[in-house]
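Numbering (the UniProt record's numbering), first residue to last: 1 to 127.
In structure tokens:
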């Protein structure tokens, strides 16, 4: 999620990272969407699923990288359940494909720096 402070508008960026058949790392911005509704797990999940379905990728996601926001964690729990259900319905090898969340290293470093400066002492247990 990204918020334009001047207008209080929220946007969600969905990036795709993969390694091709030649073992070359690739990445693209798959979508950059305005999110006019509140940042609930269901609202964010809907945006992500819409984007994945537009590109027929809903069955090919191995993991998601997010910040540590509670809404993102909740969204991934709900999204994981839905994509797992879709994989079973469409006969994909869901047992062979692990789904998990990776905390973005940049966000983690920023959080640790803020804790070190005394700005976020209440989140030490969450890091």
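Just so it is clear, CB atoms sit at the ideal spot from N, CA and C, and this is done for glycine as well. This one's a predicted model, so the numbers in the text were calculated from it and none came from an experiment.
Burial state of residue i, where buried means 16 or more other Cβ atoms lie within 10 Å
i           : result
residue 28  : exposed
residue 76  : buried
residue 58  : buried
residue 47  : buried
residue 111 : buried
residue 52  : buried
residue 79  : buried
residue 117 : exposed
Whole-Å CB distance - residue i paired with residue j, under 8 Å assumed
i          : j           : result
residue 32 : residue 13  : 5 Å
residue 35 : residue 55  : 19 Å between Cβ atoms; not a contact.
residue 65 : residue 104 : 5 Å
Candidates the options, of which the one nearest residue i by Cα
i          : options           : result
residue 72 : 59, 110 and 42    : 42
residue 60 : 39, 17, 44 and 74 : 17
residue 74 : 45, 8, 9 and 11   : 45
residue 37 : 9, 69 and 109     : 9
Beta-bridge partners of residue i, as assigned by DSSP
i          : result
residue 18 : 26
### Task
Would you list, in sequence order, the uninterrupted beta strand (DSSP E) runs of no fewer than 3 residues that lie entirely inside the region 27-81?
63-66
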